[in-house]
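One structure is given below, encoded as structure tokens.
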Amino acid sequence: DTCILPLSPSLVDRLKPHLQNVEPIANIITEGDELAAWKSLLVIFVERGRAWKHQASCDPICTCGNGLALGSFSKSLWKDLAPHVTRAAISPLFAVSW
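Every letter in the sequence shown is one number past the one before it in full-length UniProt numbering, and letter 52, counting from 1, is 52.
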């Protein structure tokens, strides 16, 4: 169980004071095939944890789920970021033999 916070330059500017209070925070740089895999997997993980109805205007990591059913993420440490995150369920990945 986790929350995804897609960061754009404008959102980083607005949330900078709140992001600076969260430790530890890591910036993991990915590129190429790994970046493509994460972009696909994050959408799948959000769908797995989704407990809300989609809207017609939904993005792949839909903003209609921002701030909904966040569980422990809504605690006081995260309360300023909670309205901007989408819940996701990360599950183990298994390779198939064929």
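Quick reminder that beta carbons are idealized off the backbone N, C-alpha and C, glycines included.
Would residue i and residue j qualify as a contact pair, given that the criterion is a beta-carbon distance under 8 Å?
| i | j | result |
| --- | --- | --- |
| residue 1 | residue 71 | yes |
| residue 63 | residue 4 | no |
| residue 95 | residue 49 | no |
| residue 93 | residue 15 | no |
How many Å lie between residue i and residue j at the Cα?
| i | j | result |
| --- | --- | --- |
| residue 52 | residue 38 | 23 Å |
| residue 8 | residue 76 | 24 Å |
| residue 61 | residue 69 | 15 Å |
| residue 17 | residue 35 | 27 Å |
| residue 91 | residue 97 | 19 Å |
| residue 58 | residue 65 | 9 Å |
Since residue i contacts residue j with CB under 8 Å, what's their CB separation in whole angstroms?
| i | j | result |
| --- | --- | --- |
| residue 84 | residue 19 | The pair is not a contact, with the Cβ atoms about 10 Å apart (cut-off 8 Å). |
Starting from residue i, trace the alpha helix (DSSP H) both ways and give me its first and last residue.
| i | result |
| --- | --- |
| residue 44 | 32-49 |
The beta strand (DSSP E) spanning residue i covers which residue range?
| i | result |
| --- | --- |
| residue 4 | 2-4 |
**Q.** Cβ pair count under 8 Å reaching 3, the segment 44-51 against the segment 18-29
**A.** Taking 8 Å as the limit for Cβ pairs, the verdict is that the segment 18-29 does not touch the segment 44-51.
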